[in-house]
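Here the protein sequences line up with chains A and B, keeping their order.
Heads up: the first sequence begins at 4 in the working numbering, then just goes up one per residue.
Heads up: the second sequence begins at 16 in the working numbering, then just goes up one per residue.
Okay, structure first, notes after.
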Amino acid sequence: MKPKNAAFWRERFPLREVKNHLKKPLPKHINWLFSLGGMAFFLLMLQAVTGAFLAFYYSPSPDHAYDSVTYISQEVSFGGFVRGLHHWGASAMVIVVFLHLLRVVIYGSYKAPREVTWMVGVFLLLVMLGFGFTGYLLPWDQRAYWATVVGVKIVGTVPFVGDFVGKILRGGEGVGAVTLTRFYALHTIWLPWLAFGLVGVHLFFVRYYGSSGLPQNTPEEMQAGKPFYPDQLFEDALAIWVLFILLAAVARFVPVPLEGRADPTDASYAPRPEWYFLFLFQLLKYFAGPLEVIGTFVIPTLALLLLLFLPFLDQRKRAPLRKRPIALTLTSLSVLLIVLLTILGGRSPKLETSSEKAATADFDTLNPAEQAEQSKTPTQEETPAETGVFDFDLKENH
Amino acid sequence: MFDYVSGNRFEMTDAPEENGEQPKRRRFLKACMAVIGGFISMAIGVPLIGFAISPALKKASQKWVDVGIADLLKGSRYKKVNYTFQAKEGWIQIHQKRSIYVTDEGNGNFVVFSRVCTHLGCLVRWDEKKQQFLCPCHGGVFDPAGNVVAGPPPRPLEKLPVKVEDGVLYVKEA
């Protein structure tokens with residue numbers, strides 16, 4: 004066989020054409036805020052890789068989930084770090100995506116012709132929240148269990164179909180084994196495929212219409228900036244580098260919280276969602292009785308529709324934010340409201356009844372064999388409120 | 016483009032349409048593809064949807080569950096009682112754990128409240144001093160009769176059907 008020349012290989016691997024594609028000049032005046040999308044993409048890859056590795060040890064069954072997560076954290080080499088990256092990476096993703104969205108709103112980048120890019124982005128936001136919601140059931144600890152009980156009940160308040168959809172989500176009446184395998188499948192198969200597909204479409208449109216640049220750019224300036232590769236990509240890489248160092252430090256030094264094993268009868272647990280759902284948690288408190296559905300369904304749905312159709316509700320030409328007082332006011336108010344609700348939700352006091360302070364005696368009808376089995380599990384000792392329990396087998400005297 | 020059989024370069028051109036027969040034929044081909052695609056989608060889609068939602072279609076059966084000896088709960092006021100019973104959850108047999116508040120009204124009459132908050136399902140707790148059920152999540156408050164006093168719950172606490180047979184207290188469990 005004759006050795007092949009360079010032209011042969013160029014024809015087989017047309018990298019030069021890809022490279023030319025990447026060298027397209029961006030608009031002038033692009034700042035680091037334009038790296039937020041790239042940072043979100045990096046975090047998605049990081050979540051995919053760390054998640055794929057966590058799946059080597061994780062077992063999606065109520066009998067084993069908690070122990071397998073403990074095993075990952077305590078016995079697997081670098082287990083704490085890998086789980087830390089995945090856990091804190093999710094929080095970082097929420098922050099980065101939120102900032103990315105704000106950047107797009109502030110620069111009016113969602114406007115024509117980029118409406119579909121924006122809408123795909125809103126769907127990606129939903130997918131991300133879906134990742135968060137399905138992901139934190141998986142450790143099967145108290146927070147996981149109760150957040151899911153409440154979260155699915157929220158779905159259940161949707162008029163007409165809510166109850167049925169809730170049952171489909173749980174795979175039955177209660178949160179249990181069927182729920183866990185469902186959430187695992189959603190978290191590790193359905194949502195990743197959906198996310199990659201949507202990211203593909205999102206990026207296609209970003210490339211097709213080009214970067215939106217700053218609103219004050221003239222049409223000439225829109226074509227006159229530095230090339231995407233290597234200039235812009237270098238800045239993205241720098242931003243990703245800083246993000247990664249921060250994240251790795253947090254993953255290394257801040258242990259991922261793992262509460263007691265999920266217990267549907269617990270005595271003193273005060274369920275709280277993950278911090279990025281606290282605004283919703285707080286919102287629910289304000290709507291009583293028949294108005295409940297306003298907090299659980301009406302406001303979130305309206306907010307989502309508003310976000311999704313923003314480019315069609317605001318069809319005026321792009322302009323710097325200072326020339327858009329209404330947009331500026333509404334955006335600031337929304338951000339303030341979300342931050343305020345999150346803070347209020349985070350600071351809401353945990354319930355402690357007077358009887359708990361006095362440690363009441365509870366009856367418990369577990370038979371002795373079951374009690375012995377239960378006491379082997381570490382959580383029974385961990386929950387302090389259970390220590391004062393007067394375990395008593397009522398059937399024993401039968 | 017490159018022809019991998021002959022090794023020659025060639026340009027892509029539209030397929031020839033010499034006579035009026037071709038567009039009709041191609042319309043027919045497209046229709047065939049739509050039919051095949053539609054049929055396969057339905058043949059797979061319907062069973063898959065049924066597969067996914069089947070647990071939601073099962074009717075929940077209510078049954079009486081043995082909580083314990085009634086005598087031992089004599090005189091109890093808003094006594095928290097945990098109990099377990101055998102249940103099938105998907106493919107596994109589990110000890111389902113539940114928690115209720117039992118009050119003895121005298122003459123062997125018991126009132127049993129479910130602890131499940133009617134708002135979003137957190138477990139309420141009885142506060143002896145305030146004489147109220149308090150929900151730890153969104154601030155629901157119920158009076159001793161289970162009626163909503165404050166907070167978001169839309170309905171009173173659920174009273175579980177209760178009976179005493181042969182000295183054993185049973186509640187009806189969803």
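Don't be surprised by glycine CBs; every beta carbon is placed ideally from N, CA and C.
Cβ shell of residue i (< 7 Å), same chain only, five flanking positions each side left out
i	result
E385 (chain A)	Confidence in E385 (chain A) is poor, its pLDDT being 37 and thus under 50, which makes the residue's placement unreliable; the coordinate value appears in the next sentence. G263.
V125 (chain A)	L310 and L311
G154 (chain A)	F136
K174 (chain B)	V126, V127, F128 and G161
A43 (chain A)	M96, V99, V100 and H103
I115 (chain B)	V96, V127, F128, S129, R130, L175 and V186
K5 (chain A)	none
L201 (chain A)	V123, F126, L127 and V130
P381 (chain A)	Legend: pLDDT at P381 (chain A) = 41, less than 50; position of this residue unreliable, value from coordinates given subsequently. Around P381 (chain A): no qualifying Cβ.
Same chain, Cβ closer than 6 Å to residue i, five either side skipped, listed in chain order
i	result
W121 (chain A)	Y113 and P314
L324 (chain A)	I109 and L331
P276 (chain A)	A150 and F284
V296 (chain A)	T160
A375 (chain A)	Unreliable positioning characterises A375 (chain A) in this predicted model, as indicated by a pLDDT of 45, which lies under 50. The coordinate reading is nonetheless provided below. Closer than 6 Å at Cβ, skipping near neighbours: no residue.
M48 (chain A)	none
T334 (chain A)	V108
Run of the alpha helix (DSSP H) containing residue i, from where it starts to where it stops
i	result
W79 (chain B)	Looking at the DSSP string, W79 (chain B) is not in any alpha helix (DSSP H); the run it does join, the beta strand (DSSP E), is K78 to I84.
F110 (chain B)	According to the sequence as given, residue 110 (chain B) is His; it is not Phe. Run containing H110 (chain B): none in the alpha helix (DSSP H); it sits in the beta strand (DSSP E), I107 to D119.
Y74 (chain A)	A68 to Q77
L184 (chain B)	Premise fails: L184 (chain B) lies in the beta strand (DSSP E), V183 to E188, not in any alpha helix (DSSP H).
A165 (chain B)	Taken as a continuous stretch (DSSP letters only), A165 (chain B) belongs to no alpha helix (DSSP H), being part of the beta strand (DSSP E) at V163 to A165.
W149 (chain A)	Q145 to G159
W141 (chain B)	Segment R140 to D142 is the beta strand (DSSP E) holding W141 (chain B); no alpha helix (DSSP H) there.
Q50 (chain A)	L39 to L57
S337 (chain A)	P328 to R350
Chain A contact residues for residue i, given Cβ-Cβ distances below 7 Å
i	result
L149 (chain B)	L354 and T356
P169 (chain B)	G292, P293 and E295
I107 (chain B)	A180
I68 (chain B)	I171
A75 (chain B)	E176
Beta carbon of residue i nearer than 7 Å to that of residue j
i	j	result
V181 (chain A)	G105 (chain B)	yes
V164 (chain B)	V156 (chain B)	yes
K112 (chain B)	T268 (chain A)	yes
A85 (chain B)	L184 (chain B)	yes
T133 (chain B)	R170 (chain B)	yes
A75 (chain B)	E176 (chain A)	yes
L307 (chain A)	G298 (chain A)	no
F282 (chain A)	I341 (chain A)	yes
S2 (chain A)	D239 (chain A)	A question about residue 2 (chain A) goes unanswered here, because the residues of chain A that appear run from 4 up to 401.
F208 (chain A)	V119 (chain A)	yes
I68 (chain B)	I171 (chain A)	yes
G138 (chain A)	L194 (chain A)	no
V80 (chain B)	E180 (chain B)	no
P467 (chain A)	L140 (chain A)	Since the first residue of chain A shown is 4 and the last is 401, residue 467 (chain A) is not available in this structure.
P151 (chain B)	A273 (chain A)	yes
A254 (chain A)	W91 (chain A)	yes
F290 (chain A)	P167 (chain B)	yes
L149 (chain B)	D142 (chain B)	yes
Closer than 7 Å at the beta carbon, the chain B residues around residue i
i	result
P63 (chain A)	Near P63 (chain A) there are no residues of chain B at all, since even the closest Cβ is about 12 Å away, more than 7 Å.
K170 (chain A)	A71
A273 (chain A)	P151
T268 (chain A)	N97, K112, R113 and S114
W149 (chain A)	C137
Residues that residue i contacts on chain A, provided the C-beta gap is smaller than 8 Å
i	result
G166 (chain B)	K288 and A291
V126 (chain B)	Result: empty, since nearest Cβ-Cβ is about 16 Å, beyond 8 Å.
Residues near residue i in its chain [Cβ-Cβ closer than 8 Å; skip 5 each side]
i	result
D166 (chain A)	G159
Y232 (chain A)	K22, L25 and K26
V418 (chain A)	One cannot answer for residue 418 (chain A) here, as it falls past the ends of chain A, which runs 4 to 401.
A68 (chain A)	Y61, S62, L141, P142, W143 and L183
Cross-chain neighbours of residue i in chain B, by beta carbon under 8 Å
i	result
T332 (chain A)	Per Cβ cutoff of 8 Å: no residues; T332 (chain A) is ~30 Å from chain B at best.
Host beta strand (DSSP E) of residue i (start-end)
i	result
S129 (chain B)	F125 to S129
L149 (chain B)	Q147 to L149
A102 (chain B)	K94 to E104
A75 (chain B)	Element bounds for A75 (chain B): n/a, residue is neither H nor E.
V177 (chain B)	V177 to E180
Proximal chain B residues relative to residue i, where beta-carbon distance stays under 9 Å
i	result
I157 (chain A)	L135
G165 (chain A)	None at all; the shortest Cβ gap to chain B is about 12 Å.
The ligand FAD heavy atom lying under 6 Å from the CB of residue i
i	result
W278 (chain A)	This structure does not include the ligand FAD; it has no bound ligands of any sort.
Residues that residue i contacts on chain A, provided the C-beta gap is smaller than 9 Å
i	result
V163 (chain B)	A291 and G292
G65 (chain B)	Ordered by position in chain A, no residue passes the 9 Å Cβ test against G65 (chain B), which lies about 12 Å from the chain.
G154 (chain B)	K288, S351 and L354
Exercise for the section: Kindly confirm or deny that the stretch 236 to 252 of chain A and the stretch 143 to 152 of chain A touch, where touching means at least three C-beta pairs closer than 8 Å. Expected result: They do not touch, by the three-pair rule.
Practice task
Tell me, please, whether the stretch 199 to 219 of chain A touches the stretch 53 to 73 of chain A by the rule of three or more beta-carbon pairs shorter than 8 Å.
Solution key: Taking 8 Å as the limit for Cβ pairs, the verdict is that the stretch 53 to 73 of chain A does not touch the stretch 199 to 219 of chain A.
Practice task
Determine contact between the stretch 27 to 46 of chain A and the stretch 227 to 242 of chain A, defined as no fewer than three beta-carbon pairs at a distance below 8 Å.
Solution key: At 8 Å Cβ cutoff, the stretches touch.
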